[in-house]
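Which chain is which? The protein sequence lines are P and S, in order.
Residue numbers for the first sequence, in the working numbering: 1 to 114.
Residue numbers for the second sequence, in the working numbering: 1001 to 1114.
In this text, a Cβ means the ideal position worked out from N, Cα and C, and glycines have one as well.
First up is the structure itself, then whatever we jot down about it.
Protein chains: 2
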Amino acid sequence: MKEPGKEIGSENQKAQMRKGVLEFCILLTISKEKKYASNIIQTLKEADLIVVEGTLYPLLSRLRQTELLTHTWEESQSGPPRKYYELTKKGRETLATLKQSWSSLAKSVDHLTE
Amino acid sequence: MKEPGKEIGSENQKAQMRKGVLEFCILLTISKEKKYASNIIQTLKEADLIVVEGTLYPLLSRLRQTELLTHTWEESQSGPPRKYYELTKKGRETLATLKQSWSSLAKSVDHLTE
DNA sequence: ACATGGTACCTTGTAGTGCAAGGTACCAGC
DNA sequence: GCTGGTACCTTGCACTACAAGGTACCATGT
């Protein structure tokens, strides 16, 4: 069963584009300094990228399983302890590769736009 | 059951990025002149974007259902007739929106990279 | 006339991924 | 010890690309 006034491409598509670079952006975010989940969401939001918890946690787990990042618990002054994420060596290497992938992709799009 | 030496993010991720902009790129491709499927794949390949038939056909159907493009049959001089795709008015409008989405996304990534 | 190779179109089943919604645990203040 | 806030995590659903397999039409050679 589908809604009759189904959403047209543009809205949906914008979300689709965001998906593709999400993992990349999260690695970018952490690369500057270690952060915890809510912190990451905040940073991405400041860059106009909307992400929610339900998306982020599974993604962080996946990145940890592939050993791109590690986490350490730290006490908070107000509330429960926080899980700070940080890039591993492999994580930094992968990020470098992804930066190239991104610029390569941007180049392709430019090429098609002309 | 997973392969033990499972593929690490970078390869997989690059594909993921491509996915996000695929629909956008296809609309871009057609926007210049009407094309048929193999033709589109060829054009994308020249821009370093790999797409296969099994991906393209369902995508074109989807775009037709949402009325972003139409098709017309034309005879070929060598082989079966070809289905040429072309943007509709709504398609051109959507494409304009997507161009903005793309540049907005690129901006966000740049913002995070700095 | 009909077999063969090439071109083009299309469908089915599978795996990966983001997201909405709901759930658990810890801390501080009243 | 109750309440509100913060933080972490899981489950079920919908969407999408892709691999693989299938159909149809045309031209050429024998």
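9 angstroms Cβ cutoff met for residue i and residue j
i: residue 1068/S; j: residue 1022/S; result: no
i: residue 86/P; j: residue 71/P; result: yes
i: residue 1038/S; j: residue 1095/S; result: no
i: residue 1010/S; j: residue 63/P; result: no
i: residue 105/P; j: residue 1045/S; result: no
Spatial neighbours of residue i in its chain, beta-carbon cut-off 8 angstroms, leaving aside the 5 residues before and after
i: residue 35/P; result: 29, 43, 84, 85
Alpha carbon of residue i to alpha carbon of residue j, nearest angstrom
i: residue 112/P; j: residue 1051/S; result: 15 angstroms
i: residue 1060/S; j: residue 80/P; result: 50 angstroms
i: residue 12/P; j: residue 1041/S; result: 23 angstroms
i: residue 56/P; j: residue 1075/S; result: 51 angstroms
i: residue 1073/S; j: residue 1082/S; result: 6 angstroms
i: residue 1119/S; j: residue 1024/S; result: The shown model of chain S, from 1001 to 1114, leaves out residue 1119/S, and the question about it has no answer.
i: residue 1090/S; j: residue 91/P; result: 42 angstroms
i: residue 1033/S; j: residue 1114/S; result: 38 angstroms
i: residue 1065/S; j: residue 65/P; result: 40 angstroms
i: residue 88/P; j: residue 1093/S; result: 44 angstroms
Distance between beta carbons of residue j and residue i, contact taken as under 8 angstroms
i: residue 1016/S; j: residue 20/P; result: 5 angstroms
i: residue 1108/S; j: residue 48/P; result: 5 angstroms
Residue i burial status per 10 Å Cβ neighbour count (16 or more: buried)
i: residue 18/P; result: buried
Same chain, Cβ closer than 6 angstroms to residue i, five either side skipped, listed in chain order
i: residue 1100/S; result: none
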